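Asks: Just so it is clear: in the sequence shown, position 21 is 20 by the numbering used here, and no numbers are missing.
C-beta: ideal position from N, C-alpha, C; glycine also.
Bear in mind the structure is a predicted one, so any value in this text is a computation, not a measurement.
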Amino acid sequence: MEIPELNNVYGLIDCSGRMKEFAATLRRFRDAEVWLKVSNFDGAESIRMEIADASFQAYGDHHSQFLFNGAIAGDEEMVCEFTRELHSLLRLAGFNVWFEIYDRNRVLLETLGTYFGNRHQ
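#1: To which residues of the same chain is Glu109 closer than 6 Å at the C-beta, ignoring the five residues directly before and after it?
#2: Report the three-state DSSP secondary structure of Val33 (helix, strand or coil).
#3: Exposed or buried, Met48, counting other C-beta atoms within 10 Å across all chains shown (16 or more means buried)?
#4: According to the neighbour-count rule (16 or more other Cβ atoms, all chains shown, within 10 Å of its Cβ), is Phe40 buried or exposed?
#5: Residues in the same chain with beta-carbon distance under 7 Å from Asn6, minus the five sequence neighbours each way, listed in chain order, please.
#6: CB-CB under 8 Å to Thr113, same chain, minus the five flanking residues each way: which ones, in chain order?
#7: Can you give me the C-alpha to C-alpha distance between Ile46 and Gly73, rounded to a whole angstrom?
In structure tokens, the structure reads:
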């Protein structure tokens, strides 16, 4: 199965200065390849996670919160199961995390966690 071109999972994670721990936790998920990058321009941190059937990126939103969005290959149940598993791993590691999962028509399938970010008006 091919990874979709558009994201089907959108999320938010609170790293609270624990980006290296976040990257290490992601590496334990399905043998993921994970890259932590720090911008030479402004010091902004980002993380990229690649797995055979998924691709995710976390990039700074504000303060310790990072947008954590990705694309997962598979049918709706496979996408939801993958995201539930990832959500559970991150929660067990002590991260506050929230995800919304969408189908190919951009219809919301499931929400995991409680939204904790700032909604823009």
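Replies: Reading from the atomic positions:
#1: Cys79, Ile100
#2: strand
#3: buried
#4: Answer is exposed; the Cβ neighbour count stays below 16.
#5: Asn68, Gly69, Ala70
#6: Trp97
#7: For Ile46 and Gly73, the distance between alpha carbons rounds to 23 Å.
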